[in-house]
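Down below is the structure, laid out as structure tokens.
2 protein chains.
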Amino acid sequence: MGIIRKTKTVEILLNEFNKNEVAISAKKLIDSLGNTINKTTIYRVLDKLEDDGVLHSFLGKDGLKWYAKCNGCSSSKHTDMHPHFQCLSCGKVDCISTNVVLPNIPNRQIEFSQLLIQGKCEVCCA
Amino acid sequence: MGIIRKTKTVEILLNEFNKNEVAISAKKLIDSLGNTINKTTIYRVLDKLEDDGVLHSFLGKDGLKWYAKCNGCSSSKHTDMHPHFQCLSCGKVDCISTNVVLPNIPNRQIEFSQLLIQGKCEVCCA
DNA sequence: TTTGTTACTGCAACTAAGTTGCGTTATATT
DNA sequence: AATATAACGCAACTTAGTTGCAGTAACAAA
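Given below as structure tokens:
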């Protein structure tokens, strides 16, 4: 079940995702908002926003959970299937809006895929 | 630094990877061998075998660490860059020996990539 | 505006994967 | 056999994420 009441916590968290384009890890949200909002609440609101199709989640290079705003997803169907890029220098994660060409795998039924590309971002490249 | 002495633990672990074709998670090795070998030792030997280019590691769908035998890797260079397939029904993970076509990302320097495809394996499809 | 239902929150305690420090054991070299 | 040290076991720790429960607040209805 998703978000039903527009609480202060929901507003604060949505605001975090609106002011930056990049993805944000649950850990970072707890680090920056943890003395305002309880970490349990942060995890729960993120989970519900994902259920609603407002955010999508994926795992970063260390297995940490990251969230980013969805494009064209609804609560019934997450259509987002794009790759993510994580910078090995500064740790920043971006959504890459390019379609992934999946390899042909015989006799298997593909349901999801996650592609994490790692390297140096445009800032850390220079 | 990699493996220097051929101990009983190294032999047992390598044997696990030789009898099956599939990847094995660190957790599963601890579950099955944990009363014979200490879990710290399992983690350390896996780590060293990866340093040596004997195994490669990647993260499964829950962020758990998985290991599988390498093909054509050395201690100096891990050339393996293939996708992995994890079955959502039985949990099995396989290496897919197909090259991945990475999307073109301007102004970024790509160093690694990991593609995890999820769905139903050939056994669970039927 | 007040009341009442219940979604939401905070707290504390917990779970589980993986790590660290250190004293002991065992491999391999001389 | 002696010895240097890689490898091991144990216990305690770290940390991301979860659970149960009691208290709080959002919101609809009166």
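Going down the list, the sequences are from chains W and Z. This note's numbering puts the first residue of the first sequence at 33, with every later residue one more than the last. This note's numbering puts the first residue of the second sequence at 33, with every later residue one more than the last. Even for Gly, the Cβ is constructed at its ideal location relative to N, Cα and C.
Practice task
Please classify Ala-58(Z): does DSSP put it in a helix, a strand, or coil?
Solution key: Position 26 of the second sequence, counted from the first residue, corresponds to residue 58(Z). Note: Ala-58(Z) maps to helix in three-state DSSP.
Problem - Whole runs of the alpha helix (DSSP H) within the stretch 126-158 of chain W, excluding any shorter than 4 residues - result: For the stretch 126-158 of chain W, whole alpha helix (DSSP H) runs of length 4 or above, ordered along the chain, are 154-157.
Practice task
Identify the contact partners of Asn-132(Z) in chain W, using a Cβ-Cβ distance below 7 Å as the criterion.
Solution key: For the purposes of this step, residue 132(Z) is taken as residue 100 along the second sequence, with counting starting at 1. Strictly speaking, residue 132(Z) in this sequence is Val, with Asn absent from that position. In chain order: Pro-135.
Exercise for the section: Could you tell me which residues DSSP puts in a beta bridge with Cys-119(Z)? Expected result: In the second sequence, residue 119(Z) corresponds to position 87, counting from 1. Within the DSSP bridge table, the entry for Cys-119(Z) names Gly-151(Z) as partners.
Practice task
Check whether the Cβ atoms of Leu-87(W) and Leu-96(W) lie closer than 9 Å to each other.
Solution key: Within the first sequence, the letter at position 55 stands for residue 87(W). Within the first sequence, the letter at position 64 stands for residue 96(W). No, the Cβ-Cβ distance between Leu-87(W) and Leu-96(W) is not below 9 Å.
Problem - Residue environment, Val-77(Z), which counts as buried when at least 16 other CB atoms sit within 10 Å - result: Within the second sequence, the letter at position 45 stands for residue 77(Z). The residue is buried, with at least 16 neighbouring Cβ atoms inside 10 Å.
Practice task
Measure the C-alpha to C-alpha separation of Ile-62(W) and Phe-90(Z) and round it to an integer number of angstroms.
Solution key: The sequence position of residue 62(W) within the first sequence is 30, counting from 1. The sequence position of residue 90(Z) within the second sequence is 58, counting from 1. Rounded to whole angstroms, Ile-62(W) to Phe-90(Z) spans 26 Å at the Cα level.
Practice task
Give me the Cα-Cα distance between Gln-150(Z) and Lys-124(Z), rounded to the nearest whole angstrom.
Solution key: Residue mapping note: residue 150(Z) aligns to position 118 of the second sequence, counting from 1. Residue mapping note: residue 124(Z) aligns to position 92 of the second sequence, counting from 1. Each residue's alpha carbon lies about 10 Å from the other.
Handout entry: Proximal residues to Val-132(Z) (C-beta, below 6 Å), its chain only, five neighbours per side dropped
Key = Here the question's residue 132(Z) lines up with position 100 in the second sequence. Answer for Val-132(Z): Pro-115 and Leu-147, listed in chain order.
Exercise for the section: Please classify Lys-38(W): does DSSP put it in a helix, a strand, or coil? Expected result: In the first sequence, counting from the first residue as 1, residue 38(W) sits at position 6. It is coil, neither helix nor strand.
Exercise for the section: Give me whichever residues DSSP pairs with Tyr-99(W) in a beta bridge. Expected result: For the purposes of this step, residue 99(W) is identified with residue 67 of the first sequence, where counting begins at 1. Per DSSP, Ile-56(W) and Ser-89(W).
Problem - CB contact below 9 Å: Gly-151(Z) versus chain W - result: Position 119 of the second sequence, counted from the start, is the residue given in the question as residue 151(Z). Taking Cβ atoms only, chain W reaches closer than 9 Å to Gly-151(Z), which makes this a yes.
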